[in-house]
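To start, the structure itself, in structure tokens.
Below, the structure is given as structure tokens:
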């Protein structure tokens, strides 16, 4: 059974903290994605990676960075958390070809106080 | 532009049909997808349609594709309370690894 896991379901952090969100997939997928989901805005792509150590900015990369040292793991880093980064963060993975189905993790609801 | 548009809310009575609409942008998309997000969960693929099809039926689900108008719809027959969720249409952006997701339609099924 295919699986994408995220390290935390809920996180509460303080403004200015460095935050790490981890995502692991067990499907040997090449592509991995980080989205944030906000009411009325749908899913917005923050960063994606199409191979180990490769990354590309999505639509809203400001304030975020990513790391992909191993194929199965894709980390999202908030260098200095701010209250406007309070959101639901979703990780996804897919096979190489762009039109393939994306598989999603359960999400991490991050609150920045 | 790259906006995929959906209405935000839909409310139906149990047993009725639900129709969720989506307007997409990339006429060269190979597939178009419908994802379902249940409360507190990530998105799961519900169904998809290949771009050379007009219609696809899968049990209670019917997907209609109008390529000329770039319009996609999802019909759920005999809607049940378990169908209450947010439904997203999504299109892969050709030439990239990106998907464009719609804003999501929150379906509420009234008993």
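Residue numbers (our numbering), protein chains in the order written: chain A, 267 to 379; chain B, 207 to 317.
We put the beta carbon where it would ideally sit given N, CA and C, even for glycine.
Being a predicted model, the structure only gives us computed values, none of them experimental.
Report yes or no: do three or more beta-carbon pairs, one from the segment 349-368 of chain A and one from the segment 294-306 of chain A, lie closer than 8 Å? With a cut-off of 8 Å on Cβ pairs, the segment 349-368 of chain A is in contact with the segment 294-306 of chain A, counting three or more such pairs.
Q.
On the criterion of 16 or more Cβ atoms from any shown chain inside 10 Å, does residue 312 (chain B) qualify as buried, or is it exposed?
A. In this structure residue 312 (chain B) is buried. Its beta-carbon is surrounded by 16 or more other beta-carbon atoms within 10 angstroms.
message: Below 8 Å, how does it come out for the segment 301-320 of chain A and the segment 284-293 of chain A: are there three or more Cβ pairs, yes or no?
response: Per the Cβ contact rule, the segment 301-320 of chain A is not in contact with the segment 284-293 of chain A (fewer than 3 Cβ pairs under 8 Å).
Taking only runs that begin and end inside the segment 283-340 of chain A, name each unbroken beta strand (DSSP E) of 3 or more residues, in chain order. Runs found: 285-291, 297-304, 308-317, 320-323, 330-336.
_Interface partners of residue 248 (chain B) on chain A, CB under 9 Å_ = Chain-order list of chain A residues neighbouring residue 248 (chain B): 270, 272, 356, 357, 358, 369, 370, 371, 372, 373, by C-beta distance under 9 Å.
Subject >> Unbroken stretches of the alpha helix (DSSP H), 4 residues or longer, contained in the segment 254-317 of chain B >> reply: Counting only runs of 4 or more, we get nothing.
Let me confirm a value: residue 346 (chain A) is counted as buried when at least 16 other C-beta atoms fall within 10 Å, else exposed. Which label applies?
Residue environment for residue 346 (chain A): exposed (fewer than 16 other C-beta atoms within 10 angstroms of its C-beta).
Would you call residue 298 (chain B) buried or exposed, if buried means 16 or more other Cβ atoms sit within 10 Å of its Cβ?
That one is buried.
task: Could you tell me how far apart the beta carbons of residue 279 (chain A) and residue 376 (chain A) are, in whole angstroms, since I believe they sit closer than 8 Å?
output: The Cβ separation is near 7 Å, so the contact holds.
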